[in-house]
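The structure under discussion appears below in the form of structure tokens.
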Amino acid sequence: MGYKIIPIPGVGRPEYSIATTIPISPSYVAGITKVYYTGIINVSPESWSVILPQDRYENPFPRKDKILKLETFVLSTDADVLIKLQCFHVPYYYYQKFLKGEIDLVTLLNNSYPFVTETGYQRIDAKPLLYPISYPDLLIVAFTNYSDATRTMYFYWRGEEHGL
Amino acid sequence: MDYKLVKTEVVKKGEKADIILVDGNDVVYFKIKEE
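Keeping their order, the protein sequence lines are chains B and X. In terms of this note's numbering, the first sequence is numbered consecutively and its last residue is 164. In terms of this note's numbering, the second sequence is numbered consecutively and its last residue is 1035.
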């Protein structure tokens, strides 16, 4: 609640009614970075869009020598239509082949692990339960719009990046 | 079904952004590149 109880020394039972006004930050284990990624995207009718989340320097997640643990993923859209969310654990080996142009996007995803596949109307709230992806593997997400009109999709994922 | 890989680029704070990344204490704004 933002208060720290300070027992008064030497007076027997601590006086718990005394509190400071100094806020106490939630405790995090050293070396863990919280990552939030949120946005809006228009997805064409009966098609899917693929996003490779990257940081400021165009590094995919997880970054070097890190593990990304995905906690929550929410996808919603602007109408009560069928949508699908997929989160892929992409092996580095196939990603390199993709970057070299040796395989296409579909082949890349067919060789990846879809650790989240959720289909629903208008809103999907996925809980990957801190599914871990270790560097140099990476995260790719895909949104499918099954309707016959372009849909605006709103997405949001939250995770933690730990040291290896 | 058709598909496309969405490409993004970093934009400055204050510019119109489609995606926001909160990376620890760093906040990064991205725009989706139209093809």
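Each residue gets a CB set at the ideal place from its N, CA and C atoms; glycine is no exception.
Where residue i sits in the DSSP three-state scheme
| i | result |
| --- | --- |
| residue 108/B | helix |
| residue 1004/X | strand |
| residue 98/B | helix |
| residue 93/B | helix |
| residue 1010/X | strand |
| residue 63/B | coil |
| residue 165/B | Residue coverage of chain B in this structure runs from 1 to 164, which leaves residue 165/B outside it and unanswerable. |
| residue 165/B | Because chain B in this structure spans residues 1 to 164, residue 165/B falls outside the shown range and cannot be described. |
| residue 4/B | coil |
| residue 147/B | coil |
| residue 51/B | strand |
| residue 164/B | coil |
Check whether residue i and residue j have beta carbons under 8 Å apart
| i | j | result |
| --- | --- | --- |
| residue 171/B | residue 83/B | Shown here, chain B extends from 1 to 164; a query on residue 171/B therefore has no answer. |
| residue 71/B | residue 159/B | yes |
| residue 47/B | residue 1001/X | yes |
| residue 1006/X | residue 49/B | yes |
| residue 39/B | residue 1018/X | yes |
| residue 81/B | residue 122/B | yes |
| residue 115/B | residue 131/B | yes |
| residue 182/B | residue 53/B | Residue coverage of chain B in this structure runs from 1 to 164, which leaves residue 182/B outside it and unanswerable. |
| residue 42/B | residue 150/B | yes |
| residue 1024/X | residue 107/B | no |
| residue 129/B | residue 68/B | no |
| residue 1028/X | residue 55/B | yes |
| residue 1011/X | residue 1033/X | no |
| residue 99/B | residue 126/B | no |
| residue 45/B | residue 145/B | yes |
| residue 137/B | residue 91/B | yes |
| residue 93/B | residue 103/B | no |
One or two residues paired with residue i in a DSSP bridge
| i | result |
| --- | --- |
| residue 86/B | 117/B and 142/B |
| residue 42/B | 152/B |
| residue 1020/X | 38/B and 1029/X |
| residue 159/B | 35/B and 70/B |
Heavy atom of the ligand HEM within 7 Å of residue i beta-carbon
| i | result |
| --- | --- |
| residue 74/B | Of ligands this structure carries none, so the ligand HEM is not represented either. |
Self-check item: Where the segment 54 to 81 of chain B meets chain X: residues whose CB sits under 8 Å from a CB there
Solution: 54, 55 and 56
Exercise. Could you run through the segment 37 to 48 of chain B and flag, in chain order, every residue whose CB is less than 8 Å away from some CB of chain X?
Key: 37, 38, 39, 40, 41, 44, 46, 47 and 48
Self-check item: Residues of the segment 1020 to 1032 of chain X with Cβ closer than 8 Å to any Cβ of chain B, in chain order
Solution: 1020, 1021, 1022, 1023, 1024, 1026, 1028, 1030 and 1032
Quiz item: Which of the residues in the segment 93 to 122 of chain B, read from start to end, lie with their CB under 8 Å from any CB of chain X?
Solution: 105 and 106
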